[in-house]
Amino acid sequence: MSATLTKPMTADELLAMPDDGYRYELIEGELRRMSPAGDEHGRVGMELAIPLGSHVKQNKLGKLYLAETGFLIKTNPDTVRAPDIAFVRIERIAQGPGVKGYRVGAPDLAVEVVSPGDTVSEVEEKVAEWLEGGARMAWVVSPKLHTVTVYRSLTDIVTLTEKDKLDGADVVPGFQMNVAEIFG
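Residue numbers for the sequence shown follow our numbering, so the first one is -17 and each next one is one higher.
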């Protein structure tokens, strides 16, 4: 019996794929198709993205990126992930024309909104990859539980409820929002 070996896909090959209406991530060279977000996922994500983006823009802190934006966080084999919301500090934004292809490295802040079909292990895998890739903070927003879990590392983890305030700390300085507003 012989095993068929498939060559891992690269980030460049992913970028060159024709648009077939789906979103994809590349995990250690393996292509993973992602379903479109449902109503609640999209609504909750925007309830956070709008005030966060407004704060970032008003204070010239950097750039916010949409869910379709891929970040190359590992190479050989390549891993390209796309958080639901991403923030990159102004110091890391290249001067002049935009980056061609995927931005190398994780965003400073990666936000994942949990979808009904997401498993705990899938979400934990994404958070670990963001942090290992250089993210300074990750927020996991749970529409089901009405919580935001803030990760500064895999051991520095705080879960906020609707009674709490979400704070950008030193990653998005000055940003604060009542958690309840995200789910309102």
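Ideal Cβ positions, reconstructed from N, Cα and C, are used throughout, including at glycine. If you're wondering where the values come from, they're calculated on a predicted model, not measured in any experiment.
- Burial is judged here by how many other beta carbons sit within 10 angstroms of a residue's own beta carbon; Leu43 has at least 16 and is buried.
- Glu10 is not a Cβ neighbour of Thr57, given a cutoff of 8 Å.
- Inter-residue distance for Val93 and Thr(-12) is about 32 Å (C-alpha atoms, whole angstroms).
- Contact between the segment 64 to 77 and the segment 93 to 108 is present: 3 or more CB-CB pairs across the two stretches fall below 8 Å.
- In the three-state reduction of the DSSP assignment, Ile75 falls in the coil class, being assigned neither a helical nor a strand state.
- In the three-state reduction of the DSSP assignment, Ala92 falls in the strand class, which pools E and B.
- Between Tyr6 and Leu13 the beta-carbon gap is near 6 Å, inside 8 Å, which marks them as a contact.
- Leaving aside the five residues that flank Ser97 on each side, the residues in its chain whose CB is nearer than 6 Å to its CB run, in chain order, His23.
- Where Arg15 is concerned, the enclosing beta strand (DSSP E) starts and stops at Glu12 to Met16.
- Judged by their CB atoms, Tyr84 and Val109 are not nearer to each other than the 8 Å cut-off.
- Burial check for Met119: the Cβ neighbour count within 10 Å reaches 16 or more, so the residue is buried.
- Non-local C-beta neighbours of Gln158 in its own chain, meaning closer than 6 Å and more than five positions away in sequence, comprise Lys147 and Asp149, ordered along the chain.
- In this structure Pro125 is buried. Its beta-carbon is surrounded by 16 or more other beta-carbon atoms within 10 angstroms.
- Secondary structure at Phe165: helix, using DSSP grouped into helix, strand and coil.
- Distance between Trp121 and Asp21, taken at the CA atoms: about 20 Å.
- For Lys45, no alpha helix (DSSP H) run applies; the uninterrupted beta strand (DSSP E) run containing it begins and ends at Gly44 to Tyr47, by DSSP.
- Distance from Val123 to Val26 at the Cβ level is roughly 6 Å; contact confirmed, criterion being Cβ atoms closer than 8 Å.
- Residue pairing from DSSP leaves Val105 without any beta-bridge partner.
- Cβ neighbours of Thr143 within its own chain (closer than 8 Å, five residues either side excluded): His128, Thr129 and Val161.
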